[in-house]
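Asks: In full-length UniProt numbering, the protein residues as written are 1 to 277.
Where a beta carbon is used, it is the ideal one built from N, C-alpha and C, also for glycine.
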């Protein structure tokens, strides 16, 4: 044995990130990252009290240097077994500009930075959203979002065309871009002996999810949950369980794809909602 500890990286120390760290962090050094010192300290304290080894890092995921520092820290800490990117902002509480910087650019920066430090057996998961399955783009637009160099992403026409006051439009586009960047990155990750996937949750019962439920689209969101038959929000534990599968040995042949975890909402919208074709 090399003596190097196994390392789990989690960006975003809110409900999803803490649930993921708790579920798959046992026996690993957890590198927990967030932009908010207060949120980060609270989550780290909770996990440490439960017996986890936690290293914290303040990270601005929209800043390339900050994300590279996180990847460097992870590589220096031990053997990178898994990295889970849950950091993001809400369409209810953020501007379109913030969403494009954090959710779109930030995820692309994370994928790039961790491509440099993954090793044989590493598994990376990026949290996207069910919303990414709802957008309709041309094949050229999708190709551009998938393969344009990260530094040029925000200059793409499809990105610049998002209205400044459309936080929902920015969110939907960003989450589709997350799925596409993962697809495009799979080749490089495969060549490094690693895997990368995305997971697209629907309505999850986290503080961010509650804010969305109480926002302008909340009534429609809850009506959709009822109409699709599931009748409830998902839990952070259910998301963490799916991430445990995606980062575990049972998913060794799974890469470059997205797991839709939405209780059947997207399926209902596509096949049963009024106007569905």
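Please return the same chain residues whose Cβ sits closer than 6 Å to the Cβ of residue 177, not counting the five positions on each side in sequence.
Replies: 104, 145
Asks: If I'm right that residue 246 touches residue 254 with Cβ under 8 Å, what's the distance once you round it to whole angstroms?
Replies: That belief holds up - the Cβ atoms of residue 246 and residue 254 are roughly 7 Å apart, short of 8 Å.
Asks: Report yes or no: do three or more beta-carbon pairs, one from the region 108-124 and one from the region 183-193, lie closer than 8 Å?
Replies: The answer is yes - the region 183-193 touches the region 108-124, with three or more Cβ pairs under 8 Å.
Asks: Per the DSSP calculation, residue 228 is bridged to which residue(s)?
Replies: Paired residues: none, contrary to the question.
Asks: Within 10 Å of its beta-carbon, does residue 272 have 16 or more other beta-carbons around it, so buried, or fewer, so exposed?
Replies: exposed
Asks: Pick helix, strand or coil for residue 281, following the three-state DSSP scheme.
Replies: For the chain, the structure presents residues 1 to 277; residue 281 sits outside this window and is missing.
Asks: Could you check if residue 4 is buried or exposed, using at least 16 other CB atoms within 10 Å of its CB as the buried criterion?
Replies: exposed
Asks: Quick one: measure Cβ to Cβ for residue 59 and residue 35, integer angstroms, because I've assumed they're closer than 8 Å.
Replies: 6 Å
Asks: Run through DSSP, which three-state label would residue 272 get?
Replies: Looking at residue 272 - three-state DSSP - the assignment turns out to be coil, as it is neither helix nor strand.
Asks: With DSSP run on the structure shown, which of helix, strand or coil describes residue 13?
Replies: coil
Asks: With residue 258 as the anchor, note down where its beta strand (DSSP E) starts and where it stops.
Replies: 258-261
Asks: For the region 109-174, list the alpha helix (DSSP H) runs that are entirely contained and at least 4 residues long, ordered along the chain.
Replies: Correct list: 139-147, 157-160.
Asks: I'd like the span of the alpha helix (DSSP H) that includes residue 46, first residue to last.
Replies: Segment 37-49, the alpha helix (DSSP H) holding residue 46.
Asks: Count Cβ pairs between the region 19-39 and the region 64-84 that sit closer than 8 Å; are there 3 or more?
Replies: Contact between the region 19-39 and the region 64-84 is present, because at least three Cβ pairs lie under 8 Å.
Asks: Does DSSP put residue 5 in a helix, a strand or coil?
Replies: The answer is coil: DSSP assigns residue 5 none of H, G, I, E or B.
Asks: Given this structure, state the Cα-to-Cα distance separating residue 6 from residue 242, to the nearest angstrom.
Replies: Approximately 20 Å between the Cα atoms of the pair.
Asks: Rounded to the nearest angstrom, what separates residue 1 and residue 193 at their Cα positions?
Replies: Annotation note: pLDDT 41 at residue 1 (below 50); position unreliable, coordinate value reported separately. Going by the C-alpha atoms only, they are around 19 Å apart.
Asks: Specify the secondary structure class of residue 60 as computed by DSSP and reduced to three states.
Replies: coil
Asks: Whose C-beta lies closer than 6 Å to the C-beta of residue 98 among residues of the same chain, with five residues either side of it excluded?
Replies: 89
Asks: By DSSP, does residue 244 sit in helix, in strand, or in coil?
Replies: Residue state, collapsed to three classes: helix.
Asks: Determine whether the beta carbon atoms of residue 257 and residue 174 lie at a separation below 9 Å.
Replies: No. Outside cutoff.
Asks: Roughly how many whole angstroms lie between the Cα atoms of residue 17 and residue 11?
Replies: 7 Å
Asks: Can you check DSSP and say which residues form a bridge with residue 55?
Replies: 31
Asks: Can you grab the Cα-Cα spacing for the pair residue 265 / residue 226, in whole Å?
Replies: 9 Å
Asks: Which partner residues does residue 204 have in the DSSP bridge list?
Replies: 234
Asks: Less than 6 Å between C-beta atoms, sequence neighbours within five positions excluded: which residues of the same chain meet that for residue 168?
Replies: 91
Asks: If we count Cβ pairs, one from each stretch, closer than 8 Å, do we get three or more for the region 64-80 versus the region 31-46?
Replies: yes
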